[in-house]
Amino acid sequence: MSLHLSDLSILNRRANAYILKHPLAFVWQTLKGFKANQGMLLSGAVAYYALLSIVPFLMLVVVALSHIIPQEELLATLSRYLEWILPSQSKAVVLELSHFMDDRQIVTGVLFLVMLFFSSVAFTALENAMCVIFHHRVAIRRRRFLISAVLPYCYILALGFGILIVTLVAGTLQVMGTESVLFMGYRWSLGGVSGVLLYLIGLTGEILVLSSIYLVMPVGRLSWQHALIGGVTAALLWEVARHVLVWYFTTLSQVNIVYGSMTTAIVVMFSLEIGAILLLFGAQVISEYERVGRNEQNQEPTPMSTGTPQ
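Just remember that my numbering sits 52 ahead of the position in the sequence shown, which is counted from 1.
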């Protein structure tokens, strides 16, 4: 299912005009579509597999990149940006990574393959969830099995490379934060500038990762403009959600009393569940944007079905 640039421009203009005129109607349509596609159920599955994948994935990344970057610097960067994904629980995950690095000589070829497999299952679950959200694309064109099998591992490599770049840039900015400049007779510290740039790098990286997921995971060719719409939507919603989660876990939550030793796993699972909901909701925004562009906004969303498309 491909579109020429002129056709895509017409669809974008039609969708933009409708959304600007009826923003609440578009939001309501998106929510109805998300419900019809069993978005909450899909989010639970994605969050569960993400919980299985995140630690093996980070272990592989740390082992690989520790040959290039000092371990302390790498773990410090991961701790900072894991806080964006796992509010208030990043230190516990980084501590486990540190313990693993102390015993990394136990990693055999078999263990490496097992870790690589479990690192990929979240991406496989996410691809299947995207097939449901973008079911109109799947009905037209299906992805080859080999591509679906290789795609998660390609994405693992891409994310590992992204973590390498972010670590190098973050290290440079931290060094810059210790410096100061003399301007108009006053000495100005660059610590504040460094902090702002570190935050902007995190936010930009978050948007780019989400947009790349929307660009690659759905079947068919999705325009980068549409992927960016979903990426910005999900990233901004997650920024609000993670600040609420941090506030809740630090002020109101009694989860440690209820769950005891399982607190970390429960909090991580809950954070991943919220993240998965917003990730799939961003995909639903793109799907509804496409429907509006095709002038299908008045059609009721088709509930998810396990039957074979006719």
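Idealized CB from N, CA, C, for every residue including glycine.
Between which two residues does the alpha helix (DSSP H) holding residue i run?
i	result
residue 277	276-303
residue 75	75-88
residue 121	No alpha helix (DSSP H) contains residue 121, which DSSP labels as neither H nor E.
residue 327	315-345
Indicate the three-state DSSP secondary structure (helix, strand or coil) for residue i in the structure shown.
i	result
residue 271	coil
residue 105	helix
residue 186	coil
residue 246	helix
residue 140	coil
residue 155	coil
residue 224	helix
residue 160	coil
residue 216	helix
residue 171	helix
residue 132	helix
residue 66	helix
residue 56	Per-residue confidence for residue 56 stands at a pLDDT of 47, beneath the threshold of 50, marking its modelled position as unreliable; no derived number is given.
residue 362	Per-residue confidence for residue 362 stands at a pLDDT of 46, beneath the threshold of 50, marking its modelled position as unreliable; the derived number appears in the next sentence. In this structure, residue 362 counts as coil in the three-state DSSP scheme.
Between residue i and chain C, is any beta-carbon pair separated by less than 7 Å?
i	result
residue 271	In the displayed structure, chain C is absent; only one protein chain is listed.
Give the single residue among the options whose Cα lies nearest to the Cα of residue i.
i	options	result
residue 99	319, 254, 338 and 288	319
residue 153	110, 170 and 137	110
residue 282	221, 260, 308 and 69	260
residue 181	250, 108, 71 and 271	271
residue 145	279, 156 and 132	132
residue 97	85, 173 and 78	173
residue 288	75, 246, 331 and 183	331
residue 215	254, 186, 290 and 187	254
residue 342	279, 248, 263 and 206	279
residue 221	199, 130 and 185	130
residue 161	112, 148, 72 and 286	112
residue 208	322, 87, 73 and 168	168
residue 206	218, 103, 184 and 171	171
residue 108	128, 218, 126 and 148	148
residue 135	344, 258 and 334	258
residue 185	316, 94 and 75	94
residue 217	274, 77, 126 and 263	126
residue 290	250, 333, 166 and 316	333
residue 155	143, 165, 128 and 114	114
residue 219	274, 72 and 250	250
residue 117	326, 263, 252 and 213	213
Applying the 10 Å Cβ sphere with the 16-neighbour rule, what's the burial state of residue i?
i	result
residue 311	exposed
residue 224	exposed
residue 338	buried
residue 265	buried
residue 119	exposed
residue 106	buried
residue 124	exposed
residue 59	Below a pLDDT of 50, predicted positions are generally treated as unreliable, and residue 59, at 48, falls in that range; the measurement from the model is reported next regardless. It counts as exposed.
residue 302	exposed
residue 175	buried
residue 309	exposed
residue 141	buried
residue 122	exposed
residue 81	buried
residue 202	exposed
residue 317	exposed
residue 204	buried
residue 295	exposed
residue 274	buried
residue 151	exposed
residue 67	buried
Assuming residue i contacts residue j under a Cβ cut-off of 8 Å, what Cβ separation, rounded to an integer in Å, is found between them?
i	j	result
residue 269	residue 178	6 Å
residue 85	residue 336	5 Å
residue 324	residue 139	Rounded, the Cβ-Cβ distance is 11 Å, inconsistent with contact.
residue 103	residue 321	5 Å
residue 345	residue 64	7 Å
residue 326	residue 91	Wrong, their Cβ atoms sit about 13 Å apart, outside the cutoff.
residue 267	residue 286	13 Å between Cβ atoms; not a contact.
What I want to know is whether the C-beta of residue i ends up closer than 6 Å to one or more non-hydrogen atoms of the ligand COA.
i	result
residue 108	No copy of the ligand COA occurs in the structure displayed, which carries no ligand at all.
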